[in-house]
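Trainee:
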Amino acid sequence: MSMLRGARGIVRQASTRCRVARRWFTDDSKKHADNRDLILSVLRSTATKREARQYISRYTPRVTSGNVFERDPADISIVPEDALRIALIKVRDIKSIEPDEIKGIGKTISRLSRLGVSPIVVIDAGKERNDFLQLDNKPFRHYQKAITWKANLLAHAIESASDKMRARPIESLLEVSPTAFSSANTELKMPVPEMILSPLTRGIVPVVVPLAFHPPSGEEMLVRADDVVYYLTNDLYSVHDDFAITVEKVIYIDPLGGIPSVERGGSGASHVFVNLDQELADITAELHIPFVSPKTREIHLDNLRAMHKTLSILPLSATGLITTPRVAALSSAKNPLIYNVLTDRPVVSPSLPVDTRKTPVLETTVVRKGMPVTTLKSQTGLDLVKESKLGRIDLTMIQELIEDSFGRQIDMDHYLERINSKVAGVIIAGGYQGAAIVTWEQTPDGRKVPYLDKFAVRRSSQGGSGVADIVFKSLVMQMFPNELLWRSRVTNPVNKWYFERSKGTIKIPDSHWVMFWTGDSTREQTELKDYLDICSDIPSSFKS
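Numbering (UniProt numbering), first residue to last: 1 to 544.
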């Protein structure tokens, strides 16, 4: 109880500081202008207007006047709110990282801070810990000095990025449970949260040394950085009675980069986005295919498991990122750490076709706790009314989702009369945040074509949540990889998104529709007219 009272005291002080900072921040100071220009330049180059609004409403630098896309930003005010939005950043194998990359990582952390994020850096000491546990006869002090040197190196890189930035190595932050020496799982706790909250509320970046005190023995222990990240996440997320503290991002900077993907090219080509709830088991199995060395595989598996454990205690909105030091040090707006803070999404959409030159190979994986994906498929046709009675789908929820997504009322009776018993597949993401309905349509000679009849994403889930990508990826990469046909109104603003994901497209003559198709075995070379007839004959399902 005394620990929490102390934490509440420190956050009350932080609240006062923020109110003072608010008055100071709205003047015409150089710091205000620099921060404003940075935020506006990055927003203009990376974010849509919707994403810009989401960023502004979420992070501490808040635009209170003006248009973020106007040419002259002179009238824009940016003020901090009473909140700490944490990004936990683990850096592995610092000794292998080039000096220029260390310097660039320091600059990126500085930029994150200026964008309203409160970074906490955790130094990985895996090598030192392994060497010590293997009893190589060197004293503990040797390893303590080696780890502290790494922390000082990164703290110096952060401070060198700007004359306004401060960073501080933090030792003696954690304690180990009394059973740690006899338990496979190291239980950590943070006895004095002020040690980390105090620098955070003053804009100082804590660089945490992975050492923990063991009270019964009176000794310090080398602990796993993954455990430190997890327990800091858990402790910080629970201490917020008087002050908003949220863990928004969990970032791993690792020389091996993101989780490798066989589909995207194997070692060195990362999964773009991982929906853990849906894909964890499949990706774990994929990593056991011998396309990477056993040692490399185990590091990737450790990163994946650690992300899963940490993100599982956070809200669905929290994001994990795994990337290389080189990428983390990028100074451009396409730095995935900066880009994700502004947009909540990967630099490249995960639902883009992987076999085109336009889709780049990335070294970064964005990870979300994600959502379950329910799929139903039939070669003969599903009866949605029957499936709803059996409890496999909820037709009422599907109707609400479609109407929310399209902003129009659907004539559900007429719609079901047309599609029932010829539904090829249904995909439902999460609690009906997104859905797709595919029907079997016939060519004149009786051959069936899968037609994407409805593709809907709830408005609150549009943008950076990844729902659209999750549903579309399931459609074209898992359920209907050979062929999929659909249409969209000429004026639909989503058409650019569809163009990027289609194999071909054509304007349907004498109509207001554009037709799209994709897949490995499409028939546009020989049966384009059949495709056009199918799309032309689909009646509207919405009320006029």
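All residues carry an ideal CB built from backbone N, CA and C; glycine is no exception.
Under three-state DSSP, which class holds residue 354?
Mentor: DSSP, read as helix, strand or coil, puts residue 354 in coil.
Trainee: I'd like the list of long-range same chain contacts for residue 169, defined as Cβ closer than 7 Å, with 5 residues on each side in sequence excluded.
Mentor: 148, 151, 152, 155, 207 and 209
Trainee: Locate the alpha helix (DSSP H) running through residue 412, then write down its first and last residues.
Mentor: 412-419
Trainee: Work out the CA separation of residue 230 and residue 198 for me, nearest whole Å.
Mentor: When rounded, the separation of the alpha-carbon atoms in residue 198 and residue 230 is 20 Å.
Trainee: Could you check the C-alpha separation between residue 219 and residue 125 for me, to the nearest Å?
Mentor: 17 Å
Trainee: Between which two residues does the beta strand (DSSP E) carrying residue 248 extend?
Mentor: 244-253
Trainee: Residues in its own chain within less than 7 Å of residue 157 by CB, not counting five upstream and five downstream?
Mentor: 102, 103, 105 and 106
Trainee: With residue 379 as the anchor, note down where its beta strand (DSSP E) starts and where it stops.
Mentor: 373-382
Trainee: What is the rounded straight-line gap between the Cα of residue 520 and the Cα of residue 506?
Mentor: Pairing residue 520 with residue 506, the inter-Cα distance amounts to about 18 Å.
Trainee: Are the CB atoms of residue 541 and residue 508 nearer to each other than 7 Å?
Mentor: no
Trainee: Are the stretch 322-331 and the stretch 443-457 touching, with three or more C-beta to C-beta distances below 8 Å?
Mentor: Contact between the stretch 322-331 and the stretch 443-457 is absent, with fewer than three C-beta pairs closer than 8 Å.
Trainee: Among 294, 233 and 186, which residue has its Cα nearest to the Cα of residue 221?
Mentor: 186
Trainee: Would residue 259 and residue 270 be called neighbours here (beta carbons separated by less than 7 Å)?
Mentor: yes
Trainee: Report buried or exposed for residue 487, applying the criterion of at least 16 other Cβ atoms within 10 angstroms of its Cβ.
Mentor: buried
Trainee: Between the C-alpha atoms of residue 76 and residue 363, what's the straight-line distance to the nearest angstrom?
Mentor: Unreliable positioning characterises residue 76 in this predicted model, as indicated by a pLDDT of 36, which lies under 50. A coordinate reading is not provided.
Trainee: Go to residue 341, then tell me how far its alpha helix (DSSP H) extends in each direction, as first and last residue.
Mentor: That run of the alpha helix (DSSP H) goes 336-343.
Trainee: Could you please give me the residues that DSSP links to residue 207 through a beta bridge?
Mentor: 121 and 169
Trainee: Buried or exposed for residue 279, going by 16 or more other Cβ atoms inside 10 Å?
Mentor: So residue 279 counts as buried.
Trainee: In the DSSP output, what is residue 529 paired with across the bridge?
Mentor: Note: residue 529 sits in no beta bridge, so no partner.
Trainee: Nearest CA to the CA of residue 250: which residue from 288, 318, 211 and 277?
Mentor: If we check each option's Cα against that of residue 250, 318 comes out closest.
Trainee: If we require 4 or more residues per run, which alpha helix (DSSP H) segments fall completely within the UniProt domain "N-acetyltransferase" (382-541)?
Mentor: 384-389, 395-406, 412-419, 467-474, 495-501 and 524-537
Trainee: Report yes if the CB atom of residue 275 is closer than 7 Å to the CB atom of residue 370, and no otherwise.
Mentor: yes
Trainee: According to the neighbour-count rule (16 or more other Cβ atoms, all chains shown, within 10 Å of its Cβ), is residue 288 buried or exposed?
Mentor: exposed
Trainee: Compute the beta-carbon to beta-carbon distance between residue 437 and residue 413, rounded to the nearest angstrom, for a pair I have assumed lies under 8 Å.
Mentor: In fact, because the Cβ distance is near 16 Å, the residues do not count as touching under 8 Å.
Trainee: Please confirm whether residue 117 and residue 85 have their CB atoms less than 7 Å apart.
Mentor: Cβ atoms of residue 117 and residue 85: closer than 7 Å.
Trainee: Could you tell me whether the Cβ atoms of residue 212 and residue 236 are closer together than 7 Å?
Mentor: no
Trainee: Could you spell out where the beta strand (DSSP E) holding residue 590 opens and where it closes?
Mentor: The displayed coordinates of the chain run from 1 to 544. Any statement about residue 590 would go beyond what the structure contains.
Trainee: By the three-class DSSP mapping on this structure, what secondary structure does residue 260 have?
Mentor: Note: residue 260 maps to strand in three-state DSSP.
Trainee: Which of the three DSSP states is assigned to residue 326 in this structure?
Mentor: helix
Trainee: Straight-line CA distance for residue 97 to residue 255?
Mentor: So the alpha carbons of these two residues sit roughly 7 Å apart.
Trainee: If contacts are defined as beta-carbon pairs under 8 Å, then residue 350 and residue 228 qualify, I think. What distance do you get, rounded to the angstrom?
Mentor: Not confirmed; about 29 Å, so no contact.
Trainee: So which of 411, 217, 172 and 366 has the shortest CA-CA distance to residue 466?
Mentor: It is 366.
Trainee: Please list, in chain order, all residues of the same chain as residue 400 whose beta carbon is under 8 Å from its beta carbon, the five residues on each side excluded.
Mentor: 432
Trainee: Would you identify the three-state DSSP class for residue 224, choosing helix, strand or coil?
Mentor: coil
Trainee: Would you identify the three-state DSSP class for residue 132, choosing helix, strand or coil?
Mentor: helix
Trainee: Rounded to whole angstroms, what's the CA-CA distance from residue 403 to residue 476? Just pull it up for me.
Mentor: About 24 Å.
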